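With my numbering, letter number 106 in the sequence shown gets 420, and the count goes up by one each step, no holes.
Here a beta-carbon is modelled for each residue, glycine too, at the ideal position from N, C-alpha and C.
Fair warning: this is a prediction, and the values are worked out from it, not measured in the lab.
Notes follow the structure.
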Amino acid sequence: MQQPRVETDAIGAGEGPQPAMPWSAWVTRQSWVRWSMCHVPRSWIQWWTTSGWRQPLRRVLWGLEGILYLLLALTLCHALFTTGSHLLSSLWSVVAAAWRHLLPAILLLVLSALPALLFTISFLLLFSTLLSLVGLLASMSHPGHAQDLD
């Protein structure tokens, strides 16, 4: 006596290929669906099967998503602001210490540069005076080019 051959799947295990079954048949096979059909009022089932509730729910979910994105943006701004303020407050002491050490150095540099600046200014004044004298002498040596100032 020969036993009926059981088909197996690709790896050789199981009960073989199952017949194609729509998901609705699987849902109706479940006992909780049968229980809910008996105990849930018909108006609720009718409401659930209609598509009128899906659009308002979608709008509510989009609103919640927008609120969550807004909260995320506010949280990021708060984190950046507090981190930035902590960085600035810690940098302020560095700037104050640098300024305390740099101010005397800058003053010393300016004071040490003053003699050179004074020398440069006096040299430029002397040079411009000499150029003016040379121009005056050159104009006086050519009487036709001299202007009468009277």
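Coil, strand or helix - residue i by DSSP
i	result
residue 336	coil
residue 366	coil
residue 415	helix
residue 409	helix
Alpha-carbon to alpha-carbon, residue j and residue i
i	j	result
residue 395	residue 377	27 Å
residue 384	residue 393	14 Å
residue 389	residue 408	29 Å
residue 397	residue 406	14 Å
residue 350	residue 358	11 Å
residue 426	residue 432	11 Å
residue 348	residue 382	38 Å
residue 416	residue 375	59 Å
Sequence-distant residues of the same chain with beta carbon closer than 8 Å to residue i, five excluded per side
i	result
residue 369	none
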